[in-house]
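Have a look at the structure below before the remarks.
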Amino acid sequence: MKTSSVIASITLSFITLSAHAKGLDHVIVVSTQKTSGTMSVGEKSAYTQSFEIFLGNLKGRGLDLAGYCLKAYGAEGKEYKLDTVDEVLTVGKLKVGAPVQGMAVFSSVDPSVYQPLMIKLSGVCK
1 MKTSSVIASI
11 TLSFITLSAH
21 AKGLDHVIVV
31 STQKTSGTMS
41 VGEKSAYTQS
51 FEIFLGNLKG
61 RGLDLAGYCL
71 KAYGAEGKEY
81 KLDTVDEVLT
91 VGKLKVGAPV
101 QGMAVFSSVD
111 PSVYQPLMIK
121 LSGVCK
């Protein structure tokens with residue numbers, strides 16, 4: 001009985017993860033680099049890069065944005081920390097024909113965040 005429960009749980013997890021990943025095939029993310037900046041508190045400091053983000057749902061059902069997050073990647077694959085994001089990009093349903101637009105700020109302890117970044121919507125959020 002325990003073995004079948006474990007197998008059922010694993011199977012359900014794979015189905016859920018697959019459905020979640022496929023949910024992004026019809027979502028467009030357009031980002032425009034806006035401002036570069038820095039911030040410091042005491043001895044700690046960070047470099048920041050802000051982007052205007054446009055999210056659009058091209059087809060299908062509404063997408064619940066609460067289950068997703070924005071991620072930024074450099075050309076060499078380095079991932080940058082999302083520091084600040086407008087609520088409109090993280091809550092509610094992204095409906096077909098009703099795009100949302102807002103700001104997102106990514107940060108790093110080094111100025112590499114100033115390079116061109118690829119912004120993506122991800123279902124794997126920490």
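Per full-length UniProt numbering, the sequence shown starts with residue 1, numbered consecutively.
Ideal placement from N, C-alpha and C gives every residue a C-beta, glycine not left out.
- Query: So what does DSSP say about A46, is it helix, strand or coil?
  - Reply: strand
| said: Taking 6 Å as the limit between beta carbons, can you name the residues of its chain near S45, skipping five residues before and five after? | reply: none
Distance check for S107 and K95, CA to CA, integer angstroms please. 29 Å
Is there contact between the region 54–64 and the region 72–86, where contact requires at least three CB pairs shorter than 8 Å? no
**Prompt:** Excluding five sequence neighbours on each side, which residues of the same chain lie with their C-beta closer than 7 Å to the C-beta of T32?
**Reply:** F51, E52
Exposure label - V109; buried when at least 16 CB within 10 Å | exposed
Local Cβ density within 10 Å of V105, reported as buried at 16 or more and exposed below that: buried
- request: Measure the C-alpha to C-alpha separation of V91 and G42 and round it to an integer number of angstroms.
  value: 33 Å
**Study point:** Complete runs of the beta strand (DSSP E) confined to the region 41–103 [at least 3 residues]
**Key:** 44–57, 69–73, 79–85
- Spatially closest choice to D86 from Q101, M39, G97, V30, by CA coordinates: Q101
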